[in-house]
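Just so we're aligned: 60 in this note's numbering is position 63 of the sequence shown, and the numbers increase by one with no gaps anywhere.
Just so you know, even glycine gets a beta-carbon here, dropped at the ideal spot from N, CA and C.
None of these values were measured; they are calculated from a predicted model.
Data first, discussion second: the structure below is written as C-alpha coordinates.
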Amino acid sequence: VMNVRWRNGALGSLAVTMLTYPKNLEGSLTILGEHGTVRIGGVAVNEIQTWDFADERDYDEDVRNANYETTSVYGYGHPRYYRNVVDVLRGECPAETDGREGLKSLEVLIAAYLSARDGRAVSLPLEY
(Lines of atoms letter the chains of each structure in order from A and count residues from 1; the text may use other names and numbers.)
(Lines give C-alpha, C1' and ligand atoms only; values in the text may rest on other atoms or scores of the structure.)
Protein backbone atom coordinates (compact mmCIF):
# COMPACT_ATOMS: atom_id res chain seq x y z
CA VAL A 1 0.00 0.00 0.00
CA MET A 2 1.34 3.41 -0.94
CA ASN A 3 0.02 6.91 -0.37
CA VAL A 4 0.89 9.63 -2.87
CA ARG A 5 0.76 13.41 -2.69
CA TRP A 6 1.11 15.17 -6.04
CA ARG A 7 2.74 18.57 -6.38
CA ASN A 8 -0.69 20.22 -6.75
CA GLY A 9 -1.78 18.81 -3.38
CA ALA A 10 -3.97 15.99 -4.72
CA LEU A 11 -3.86 12.78 -2.68
CA GLY A 12 -3.90 9.21 -3.92
CA SER A 13 -3.34 5.67 -2.74
CA LEU A 14 -2.12 2.51 -4.43
CA ALA A 15 -2.69 -1.07 -3.26
CA VAL A 16 -1.01 -3.89 -5.17
CA THR A 17 -0.86 -7.64 -4.60
CA MET A 18 0.29 -10.56 -6.70
CA LEU A 19 -0.91 -13.13 -4.14
CA THR A 20 -4.56 -13.72 -5.06
CA TYR A 21 -5.75 -17.30 -4.66
CA PRO A 22 -6.30 -19.23 -6.86
CA LYS A 23 -5.73 -16.74 -9.71
CA ASN A 24 -5.78 -13.04 -10.55
CA LEU A 25 -9.14 -11.47 -9.70
CA GLU A 26 -8.86 -8.16 -11.51
CA GLY A 27 -7.02 -4.91 -11.85
CA SER A 28 -8.70 -1.58 -11.28
CA LEU A 29 -8.09 2.13 -11.30
CA THR A 30 -10.45 4.52 -9.51
CA ILE A 31 -10.23 8.30 -9.64
CA LEU A 32 -12.52 10.27 -7.32
CA GLY A 33 -12.65 14.00 -7.91
CA GLU A 34 -14.64 17.07 -7.08
CA HIS A 35 -16.24 17.10 -10.54
CA GLY A 36 -16.20 13.45 -11.56
CA THR A 37 -15.62 9.78 -10.83
CA VAL A 38 -13.97 7.13 -12.98
CA ARG A 39 -13.50 3.43 -12.28
CA ILE A 40 -11.89 1.11 -14.78
CA GLY A 41 -11.63 -2.56 -13.80
CA GLY A 42 -11.92 -6.12 -14.96
CA VAL A 43 -9.47 -8.97 -15.38
CA ALA A 44 -7.34 -6.88 -17.77
CA VAL A 45 -8.55 -3.40 -16.74
CA ASN A 46 -10.84 -3.76 -19.74
CA GLU A 47 -14.18 -2.52 -18.35
CA ILE A 48 -15.30 1.09 -17.98
CA GLN A 49 -17.34 0.54 -14.82
CA THR A 50 -18.00 4.17 -13.91
CA TRP A 51 -17.57 7.30 -16.06
CA ASP A 52 -19.54 10.17 -14.50
CA PHE A 53 -18.73 13.89 -14.61
CA ALA A 54 -20.53 17.08 -13.64
CA ASP A 55 -20.06 18.41 -17.18
CA GLU A 56 -20.90 16.05 -20.05
CA ARG A 57 -18.54 15.79 -23.03
CA ASP A 58 -19.42 14.69 -26.55
CA TYR A 59 -17.18 11.60 -26.23
CA ASP A 60 -18.51 10.38 -22.85
CA GLU A 61 -20.83 7.73 -24.30
CA ASP A 62 -18.02 6.35 -26.51
CA VAL A 63 -15.80 6.00 -23.44
CA ARG A 64 -18.56 4.34 -21.40
CA ASN A 65 -18.94 1.75 -24.18
CA ALA A 66 -15.22 1.07 -24.71
CA ASN A 67 -15.33 -2.29 -22.86
CA TYR A 68 -13.94 -5.40 -24.47
CA GLU A 69 -13.93 -9.10 -23.59
CA THR A 70 -10.72 -10.97 -22.82
CA THR A 71 -9.66 -13.96 -20.76
CA SER A 72 -6.04 -12.84 -20.45
CA VAL A 73 -4.82 -10.55 -17.70
CA TYR A 74 -2.71 -8.88 -20.41
CA GLY A 75 -5.73 -7.92 -22.53
CA TYR A 76 -4.69 -6.52 -25.90
CA GLY A 77 -2.04 -4.05 -24.74
CA HIS A 78 1.02 -6.27 -24.89
CA PRO A 79 0.59 -7.44 -28.52
CA ARG A 80 0.12 -3.83 -29.69
CA TYR A 81 3.20 -2.74 -27.75
CA TYR A 82 5.35 -5.49 -29.26
CA ARG A 83 3.97 -4.74 -32.74
CA ASN A 84 5.11 -1.13 -32.29
CA VAL A 85 8.58 -2.28 -31.17
CA VAL A 86 8.95 -4.44 -34.29
CA ASP A 87 7.67 -1.65 -36.56
CA VAL A 88 10.10 0.83 -34.97
CA LEU A 89 13.03 -1.56 -35.45
CA ARG A 90 12.04 -1.90 -39.11
CA GLY A 91 11.98 1.88 -39.45
CA GLU A 92 8.27 1.89 -40.28
CA CYS A 93 7.02 4.25 -37.54
CA PRO A 94 8.08 6.25 -34.49
CA ALA A 95 8.07 4.69 -31.01
CA GLU A 96 4.85 5.19 -29.04
CA THR A 97 6.80 4.85 -25.78
CA ASP A 98 10.46 4.97 -24.91
CA GLY A 99 12.78 3.81 -22.17
CA ARG A 100 12.63 7.14 -20.36
CA GLU A 101 8.86 6.82 -19.92
CA GLY A 102 9.24 3.24 -18.70
CA LEU A 103 11.79 4.35 -16.13
CA LYS A 104 9.17 6.64 -14.56
CA SER A 105 7.08 3.60 -13.57
CA LEU A 106 10.14 1.84 -12.20
CA GLU A 107 11.06 4.96 -10.24
CA VAL A 108 7.67 4.92 -8.47
CA LEU A 109 8.25 1.30 -7.44
CA ILE A 110 11.77 2.03 -6.20
CA ALA A 111 10.43 5.01 -4.22
CA ALA A 112 7.83 2.75 -2.57
CA TYR A 113 10.52 0.26 -1.54
CA LEU A 114 12.79 3.03 -0.23
CA SER A 115 9.94 4.56 1.77
CA ALA A 116 9.03 1.20 3.33
CA ARG A 117 12.64 0.36 4.10
CA ASP A 118 13.56 3.75 5.55
CA GLY A 119 10.20 4.68 7.11
CA ARG A 120 10.09 8.10 5.46
CA ALA A 121 8.47 10.01 2.62
CA VAL A 122 10.32 9.83 -0.69
CA SER A 123 10.10 12.56 -3.34
CA LEU A 124 10.25 12.10 -7.10
CA PRO A 125 12.25 12.32 -9.21
CA LEU A 126 14.70 10.25 -7.18
CA GLU A 127 18.15 11.66 -6.51
CA TYR A 128 20.83 9.17 -7.61
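### Message
What does the alpha-carbon distance come out to for the pair Ala108 and Thr68?
### Response
32 Å
### Query
Alpha carbon to alpha carbon, what distance is there between Glu66 and Glu58?
Straight-line spacing of the CA atoms in Glu58 and Glu66 works out to 18 Å.
### Message
Considering only their Cβ atoms, is the gap separating Leu11 from Arg2 smaller than 8 Å?
### Response
no
### Query
In whole angstroms, what is the alpha-carbon distance linking Met15 and Asn21?
8 Å
### Task
State the Cα-Cα distance for the pair Glu31 and Asp49, rounded to the nearest angstrom.
11 Å
### Host alpha helix (DSSP H) of Asn0 (start-end)
Careful: Asn0 lies outside any alpha helix (DSSP H), inside the beta strand (DSSP E) at Met(-1) to Arg2.
### Task
Provide the residue span of the alpha helix (DSSP H) that contains Glu98, from first to last.
Gly96 to Asp115
### Message
DSSP three-state label for Val70, please.
### Response
coil
### Task
Classify Val119 as helix, strand or coil using the three-state DSSP reduction.
coil
### Query
Can you tell me whether DSSP reads Arg54 as helix, strand or coil?
coil
### Message
If you follow the beta strand (DSSP E) that Val35 is in, where does it begin and where does it stop?
### Response
Gly33 to Gly38
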